[in-house]
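A.B. asks:
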Amino acid sequence: MKKHIMKVILFFMILFAVIGGSSYILSPKPDPVYQEKKNSIDVMFFGSSMCYCTFDVPLLWQEFGIPSYNMGKQQQLPSLTYYTMKDILADQHPKVIVLELYGFSYPTDNPEVVGPGLTGASLDIMRMSQCKTEAIQANVPDQSKWIEYQIPFIRTHSNWKSLSLSSFTGIDSLNYKGFASYFKGVPSQKPNQSVLNDEQQKMGSAKKEYLYKIIALAKQENIPLVFVKAPYPIRTDIVEMTNTVKEIAHQNQIPFIDYTRKFDELNFDFTQDTRDGQHLSSLGAEKVTRDLGKYLQTTYHLENKKGQDAYKTWESVTQQYYNTRAHDVKTK
Amino acid sequence: MLFNSIPFLIFFPIVVLGLFLIPHRFQWIWLLLSSYYFYMSSNPKYAILLFISTVITYASGLLMEYSNRNPDEKKKIFQKKLWVTLSVTLNLLILFFFKYFAFGVRTVNQLLSVFHLQTVSVGFNIILPAGISFYTFQALSYTIDVYQGKVKAQHNFGKYALFVSFFPNILSGPIERAKNMLPQLYQPHRFDYDRVKNGLLLMVWGYFQKLVIADRLAVMVNTVYSGYSRYSGAQLLLTTVFYSIQIYCDFSGYSDIAIGAAQVMGIRVMNNFRQPYFAQSVVDFWRRWHISLSTWFRDYVYFPLGGSRCSKIKRYRNIMITFLVSGLWHGASWNYVIWGALHGIFQVISHMLKPVRDKANRFFKIDENCFSHRLFRALFTFSLINFAWVFFRAPSLRDAVKYLSQIVTRFNFGSMFSPSFFKLGLGKDDFMLVIAMLLVLLMISSLRNRMNLREAVARQNLLFRWLVYITAVLSVLIFGMYGSNYTAVPFLYFQY
Numbered sequence: 001m002k003k004h005i006m007k008v009i010l011f012f013m014i015l016f017a018v019i020g021g022s023s024y025i026l027s028p029k030p031d032p033v034y035q036e037k038k039n040s041i042d043v044m045f046f047g048s049s050m051c052y053c054t055f056d057v058p059l060l061w062q063e064f065g066i067p068s069y070n071m072g073k074q075q076q077l078p079s080l081t082y083y084t085m086k087d088i089l090a091d092q093h094p095k096v097i098v099l100e101l102y103g104f105s106y107p108t109d110n111p112e113v114v115g116p117g118l119t120g121a122s123l124d125i126m127r128m129s130q131c132k133t134e135a136i137q138a139n140v141p142d143q144s145k146w147i148e149y150q151i152p153f154i155r156t157h158s159n160w161k162s163l164s165l166s167s168f169t170g171i172d173s174l175n176y177k178g179f180a181s182y183f184k185g186v187p188s189q190k191p192n193q194s195v196l197n198d199e200q201q202k203m204g205s206a207k208k209e210y211l212y213k214i215i216a217l218a219k220q221e222n223i224p225l226v227f228v229k230a231p232y233p234i235r236t237d238i239v240e241m242t243n244t245v246k247e248i249a250h251q252n253q254i255p256f257i258d259y260t261r262k263f264d265e266l267n268f269d270f271t272q273d274t275r276d277g278q279h280l281s282s283l284g285a286e287k288v289t290r291d292l293g294k295y296l297q298t299t300y301h302l303e304n305k306k307g308q309d310a311y312k313t314w315e316s317v318t319q320q321y322y323n324t325r326a327h328d329v330k331t332k
Numbered sequence: 333m334l335f336n337s338i339p340f341l342i343f344f345p346i347v348v349l350g351l352f353l354i355p356h357r358f359q360w361i362w363l364l365l366s367s368y369y370f371y372m373s374s375n376p377k378y379a380i381l382l383f384i385s386t387v388i389t390y391a392s393g394l395l396m397e398y399s400n401r402n403p404d405e406k407k408k409i410f411q412k413k414l415w416v417t418l419s420v421t422l423n424l425l426i427l428f429f430f431k432y433f434a435f436g437v438r439t440v441n442q443l444l445s446v447f448h449l450q451t452v453s454v455g456f457n458i459i460l461p462a463g464i465s466f467y468t469f470q471a472l473s474y475t476i477d478v479y480q481g482k483v484k485a486q487h488n489f490g491k492y493a494l495f496v497s498f499f500p501n502i503l504s505g506p507i508e509r510a511k512n513m514l515p516q517l518y519q520p521h522r523f524d525y526d527r528v529k530n531g532l533l534l535m536v537w538g539y540f541q542k543l544v545i546a547d548r549l550a551v552m553v554n555t556v557y558s559g560y561s562r563y564s565g566a567q568l569l570l571t572t573v574f575y576s577i578q579i580y581c582d583f584s585g586y587s588d589i590a591i592g593a594a595q596v597m598g599i600r601v602m603n604n605f606r607q608p609y610f611a612q613s614v615v616d617f618w619r620r621w622h623i624s625l626s627t628w629f630r631d632y633v634y635f636p637l638g639g640s641r642c643s644k645i646k647r648y649r650n651i652m653i654t655f656l657v658s659g660l661w662h663g664a665s666w667n668y669v670i671w672g673a674l675h676g677i678f679q680v681i682s683h684m685l686k687p688v689r690d691k692a693n694r695f696f697k698i699d700e701n702c703f704s705h706r707l708f709r710a711l712f713t714f715s716l717i718n719f720a721w722v723f724f725r726a727p728s729l730r731d732a733v734k735y736l737s738q739i740v741t742r743f744n745f746g747s748m749f750s751p752s753f754f755k756l757g758l759g760k761d762d763f764m765l766v767i768a769m770l771l772v773l774l775m776i777s778s779l780r781n782r783m784n785l786r787e788a789v790a791r792q793n794l795l796f797r798w799l800v801y802i803t804a805v806l807s808v809l810i811f812g813m814y815g816s817n818y819t820a821v822p823f824l825y826f827q828y
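Protein sequence lines correspond, in order, to chains A and B. For reference, each letter of the first sequence is one residue, going 1 to 332 in the working numbering. For reference, each letter of the second sequence is one residue, going 333 to 828 in the working numbering.
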């Protein structure tokens with residue numbers, strides 16, 4: 001009997017190890033931000049895809065020596081941004097948090113409309129924690145699906161069809177501490193400035209709730225917030241929603257930078273500074289980040305940390321980024 | 333609660349662990365409570381019908397036993413007949429009401445509309461309670477077996493209620509017999525390493541059939557059947573073959589999970605499938621397909637009608653009645669009746685042609701046991717069964733006929749190689765995977781036809797055994813169609 005028990009235990013240990021390995025390969029990996037040294041990041045960016053295409057982490061390091069991390073996730077609703085921020089602030093205490101505002105202009109408050117895949121793209125990269133449980137409960141309306149987000153393998157086992165090298169290594173070669181670079185710009189139309197008005201739009205109750213939660217969280221952690229609207233997209237409804245957030249920012253003494261109104265100042269090149277007419281190309285991101293970097297460094301007195309041993313990974317990622325970029329420009 | 337759901341994966345280990353930990357005298361109570369919990373977790377109201385059916389058949393058993401003590405033989409027979417008739421009638425009335433009432437009303441209305449008469453409206457919806465066809469037949473088998481003296485009446489109501497509601501069987505069988513099942517339920521259930529291991533392996537095999545093969549094929553079958561007019565005859569033919577495999581893997585998978593689950597707990601449940609598509613004739617097919625139901629019809633319909641110990645005409649009549657009833661049991665629709673009728677007709681023709689066939693075999697000196705002959709017969713039988721499945725699967729009789737005619741009139745073999753082939757619901761990856769898995773199924777079915785595969789694996793060395801077990805579990809977990817990235821397909825036989 002004892003022999004059987006030992007055998008069964010050993011068998012199930014091996015079985016669970018194999019299942020765990022398969023789950024690791026087939027599921028999205030926890031965001032690499034969790035591997036950063038505690039309190040090593042000075043600037044953190046949060047928001048949607050506009051965030052990860054706009055704020056250029058290698059440039060901030062290269063030109064300002066600011067160690068930053070971009071936590072933008074595709075179509076991330078503010079409710080998910082809040083929990084992502086809350087979870088990361090358990091490890092990091094940045095000197096400033098930059099929030100990109102496009103997520104407040106989504107036509108829906110309902111994560112189901114955004115799509116379970118995208119909700120998963122935000123939830124699956126969170127580590128197992130109480131915060132993740134809260135994020136799931138707040139963002140997945142169907143309770144029976146909660147377990148699929150706690151154990152993503154239940155959903156992601158179908159990824160056997162799209163296995164790649166990064167499935168095994170967890171390294172995404174196009175991702176530079178959250179900044180998703182895209183070197184090839186496409187011509188875009190200069191936005192119609194007439195849509196830039198000062199009207200405001202009513203914000204959905206969930207978005208409003210989480211905007212105030214984000215503000216309260218930053219206050220509680222004693223971290224200054226900066227609200228930034230990326231240059232794109234520009235539509236009347238988005239401009240009006242941005243104005244609503246601007247009002248709230250002023251009420252709470254939060255700096256507000258609206259790049260939809262700074263194309264000339266940025267010397268924006270509409271032939272190559274966006275990748276698709278909406279998201280910025282690396283060249284567009286560079287212009288916005290350089291401008292923002294100056295503001296952040298002077299306003300928050302951010303130390304230039306270049307040359308410090310603790311920040312070697314920023315140096316190597318930046319080198320890798322510029323090498324890839326140089327190669328890409330050459331082969332174009 | 334479905335076998336392919338997360339709640340069941342939590343429920344089952346708890347039940348098994350509890351069963352092995354509690355003293356013997358409480359084990360049947362634990363199983364009874366677990367079974368009712370399992371049944372009521374989908375819709376608690378249905379348990380009322382289950383309870384009524386249990387009470388009726390239990391009472392009829394006791395009453396028949398009481399009648400047995402009557403010294404007057406005539407009265408005794410009369411009373412026993414009365415109780416069994418009452419029990420069967422009441423149970424069938426419940427079944428008919430829930431399963432066939434709407435069908436009856438629909439048929440009457442169709443007839444009325446032919447004569448331009450006002451149709452009937454019942455004003456309420458009837459939902460088919462889960463597993464009603466299965467547990468009703470299981471309960472009826474007890475009543476009839478007590479009547480025929482094959483089993484003694486069970487005095488303990490709770491113990492009898494467990495026989496009717498035993499959770500592995502209740503939703504889709506196998507439809508067990510009291511003689512086999514009743515005594516086992518109350519025996520001590522102790523942990524036995526090999527038995528538990530074998531039971532779990534059978535469950536994994538069941539999940540493989542259901543989640544990896546059946547549900548994957550279901551995607552293509554559902555796509556094609558929902559718009560068959562858009563597809564070529566060759567594609568429809570392939571889909572027909574895929575449906576045959578889907579329904580087999582779906583139901584055989586369910587049965588294996590049920591049998592395996594019971595085996596883990598120390599209860600032997602009868603086998604329900606025995607490689608049915610290797611059958612040499614339609615008669616042989618019914619010895620291998622849904623065995624618990626086909627033997628039920630054999631014992632309680634075909635034999636009482638006279639079986640085959642009567643004139644040829646009566647025998648053919650008995651076959652036709654049995655299969656028409658069997659068709660109707662599967663569902664309240666003319667499709668099922670025609671499907672049953674086809675199986676009856678195939679068998680009648682087969683019996684009629686037997687002398688001619690035997691003569692031809694002798695004349696051409698055909699060795700009936702040679703591989704080529706057996707292969708030809710198996711393929712021919714499979715074709716007949718495929719043909720009948722179209723009536724079973726198509727949304728209506730008209731659709732079935734159109735579907736079949738389109739196979740002939742628009743057969744375009746080239747369409748199998750066009751890029752649009754992968755727009756039939758299954759992408760290239762899934763299609764290639766399912767073909768590979770069908771080869772695994774064929775290989776395992778062939779081996780199971782010749783040997784006890786689980787015992788054969790158990791004789792191998794530890795490394796090989798564990799490799800097989802881990803690969804099996806991993807295949808289900810990775811290639812199984814579950815989770816919200818796939819659309820869950822309920823077990824097909826739940827609707828019958």
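Note that beta-carbon positions come from the ideal geometry of N, C-alpha and C, so glycine has one too. All of these numbers come straight from a predicted model, not from anything done at the bench.
Can you pull the chain B neighbours of E148 of chain A, defined as C-beta to C-beta under 7 angstroms?
C.D. replies: Under the 7 angstroms cutoff, chain B gives G815, S816.
A.B. asks: Using a Cβ-Cβ cut-off of less than 9 angstroms, list which residues of the stretch 195 to 218 of chain A approach chain B; keep chain order.
C.D. replies: The stretch 195 to 218 of chain A vs chain B, Cβ under 9 angstroms: nothing.
A.B. asks: Under the rule that 16 or more other beta-carbon atoms within 10 Å means buried, what is P152 of chain A, buried or exposed?
C.D. replies: With 16 or more Cβ atoms within 10 Å of its Cβ, P152 of chain A is classed as buried.
A.B. asks: Buried or exposed: which applies to Y52 of chain A, given that a residue is buried once 16 or more other Cβ atoms fall within 10 Å of its Cβ?
C.D. replies: Counting Cβ neighbours within 10 Å, Y52 of chain A comes out buried, since at least 16 surround it.
A.B. asks: Do you know how far the Cα of G812 of chain B is from the Cα of K542 of chain B?
C.D. replies: About 8 angstroms.
A.B. asks: Return the CA-CA distance between G291 of chain B and E405 of chain B, expressed in angstroms with no decimal places.
C.D. replies: In the structure as shown, chain B begins at 333 and stops at 828. Residue 291 of chain B is therefore absent and cannot be evaluated.
A.B. asks: Contact criterion: CB-CB distance below 7 angstroms. Does L15 of chain A meet it with respect to chain B?
C.D. replies: Yes, L15 of chain A counts as interfacial toward chain B.
A.B. asks: Exposed or buried, which one is T654 of chain B when buried takes at least 16 other CB atoms within 10 Å?
C.D. replies: When all chains shown are included, T654 of chain B counts as buried.
A.B. asks: Considering Cα atoms alone, identify which of A:F64, A:K132, A:K184, A:A138 is closest to H301 of chain A.
C.D. replies: Answer by Cα proximity: A:F64.
A.B. asks: First and last residue of the beta strand (DSSP E) that includes K305 of chain A?
C.D. replies: Unbroken run through K305 of chain A: none, as it is neither H nor E.
A.B. asks: Classify S162 of chain A as helix, strand or coil using the three-state DSSP reduction.
C.D. replies: S162 of chain A falls in the helix class under three-state DSSP.
A.B. asks: So, R527 of chain B versus S473 of chain B, is the Cβ gap smaller than 7 angstroms?
C.D. replies: Going by C-beta atoms, R527 of chain B is not nearer than 7 angstroms to S473 of chain B.
A.B. asks: Could you check whether the Cβ of S164 of chain A sits closer than 7 angstroms to any Cβ belonging to chain B?
C.D. replies: No, because no Cβ of chain B sits closer than 7 angstroms to the Cβ of S164 of chain A.
A.B. asks: Quick one: measure Cβ to Cβ for M552 of chain B and T571 of chain B, integer angstroms, because I've assumed they're closer than 8 angstroms.
C.D. replies: Confirmed, about 6 angstroms.
A.B. asks: Secondary structure at Y176 of chain A, three-state DSSP: helix, strand or coil?
C.D. replies: Looking at Y176 of chain A - three-state DSSP - the assignment turns out to be strand.
A.B. asks: Mapping DSSP to helix, strand and coil, what is N297 of chain B?
C.D. replies: Because chain B in this structure spans residues 333 to 828, residue 297 of chain B falls outside the shown range and cannot be described.
A.B. asks: Under the assumption that F183 of chain A contacts R325 of chain A (Cβ atoms under 8 angstroms), give the Cβ distance between them as a whole number of angstroms.
C.D. replies: The Cβ separation is near 6 angstroms, so the contact holds.
A.B. asks: What do you get for N659 of chain B, buried or exposed, if any count of 16 or more other CB atoms within 10 angstroms of its CB means buried?
C.D. replies: For the sequence presented, residue 659 of chain B should be read as Gly rather than Asn. Buried.
A.B. asks: Quick check on DSSP: helix, strand or coil for F469 of chain B?
C.D. replies: Of the three classes helix, strand and coil, the one that applies to F469 of chain B here is helix, per DSSP.
A.B. asks: Is the distance from the Cβ of T389 of chain B to the Cβ of T475 of chain B below 7 angstroms?
C.D. replies: Their beta carbons are under 7 angstroms apart, which means T389 of chain B touches T475 of chain B by this criterion.
A.B. asks: Between Y525 of chain B and chain A, is there a C-beta pair that is closer than 7 angstroms?
C.D. replies: With 7 angstroms as the cut-off, Y525 of chain B counts as an interface residue toward chain A.
A.B. asks: What residue from B:G672, B:D477, B:F719, B:Q679 has the CA that sits closest to P636 of chain B's CA?
C.D. replies: It is B:D477 whose Cα lies nearest to the Cα of P636 of chain B.
A.B. asks: Would you say K2 of chain A faces chain B, with C-beta separation under 7 angstroms as the test?
C.D. replies: Not one chain B Cβ lies under 7 angstroms of K2 of chain A.
A.B. asks: So with Cβ pairs under 7 angstroms, would you call S122 of chain A a contact of chain B?
C.D. replies: So, not an interface residue.
A.B. asks: Just the chain B side, please: which residues come within less than 8 angstroms of S22 of chain A by C-beta, in chain order?
C.D. replies: Those are L806, L809, I810, listed as they occur along chain B.
A.B. asks: Looking at the structure shown, is L756 of chain B part of a helix, part of a strand, or coil, going by DSSP?
C.D. replies: DSSP places L756 of chain B in coil when its eight states are reduced to three.
A.B. asks: Going by DSSP, what residue range makes up the beta strand (DSSP E) through E148 of chain A?
C.D. replies: Not the beta strand (DSSP E): E148 of chain A falls in the alpha helix (DSSP H), residues 146 to 150.
A.B. asks: Compare the C-beta of I136 of chain A against all C-beta atoms of chain B and say whether one is closer than 7 angstroms.
C.D. replies: Judged by the 7 angstroms Cβ criterion, I136 of chain A is not in contact with chain B.
A.B. asks: Since W160 of chain A meets chain B, which of its residues come closer than 9 angstroms, beta carbon to beta carbon?
C.D. replies: The answer, in chain order, is D761, L765, I810, F811.
A.B. asks: Which residues share a DSSP beta bridge with F45 of chain A?
C.D. replies: Bridge partners of F45 of chain A: A:N70, A:V98.
A.B. asks: So what's K484 of chain B in DSSP terms, helix, strand or just coil?
C.D. replies: Here K484 of chain B sits in coil by DSSP.
A.B. asks: Could you tell me how far apart the beta carbons of S129 of chain A and D91 of chain A are, in whole angstroms, since I believe they sit closer than 8 angstroms?
C.D. replies: Actually they are not in contact, since the Cβ atoms of S129 of chain A and D91 of chain A sit about 10 angstroms apart, beyond 8 angstroms.
A.B. asks: Taking C-beta to C-beta, are F540 of chain B and G505 of chain B nearer than 7 angstroms?
C.D. replies: Going by C-beta atoms, F540 of chain B is not nearer than 7 angstroms to G505 of chain B.
A.B. asks: Do you know how far the Cα of Q320 of chain A is from the Cα of V43 of chain A?
C.D. replies: Answer to the nearest angstrom: the Cα atoms are 20 angstroms apart.
A.B. asks: How should M85 of chain A be labelled, buried or exposed, when 16 other C-beta atoms within 10 angstroms of its C-beta is the threshold for buried?
C.D. replies: M85 of chain A should be labelled buried.
A.B. asks: Under the DSSP definition of a beta bridge, which residues are partnered with I257 of chain A?
C.D. replies: I257 of chain A pairs with A:V228.
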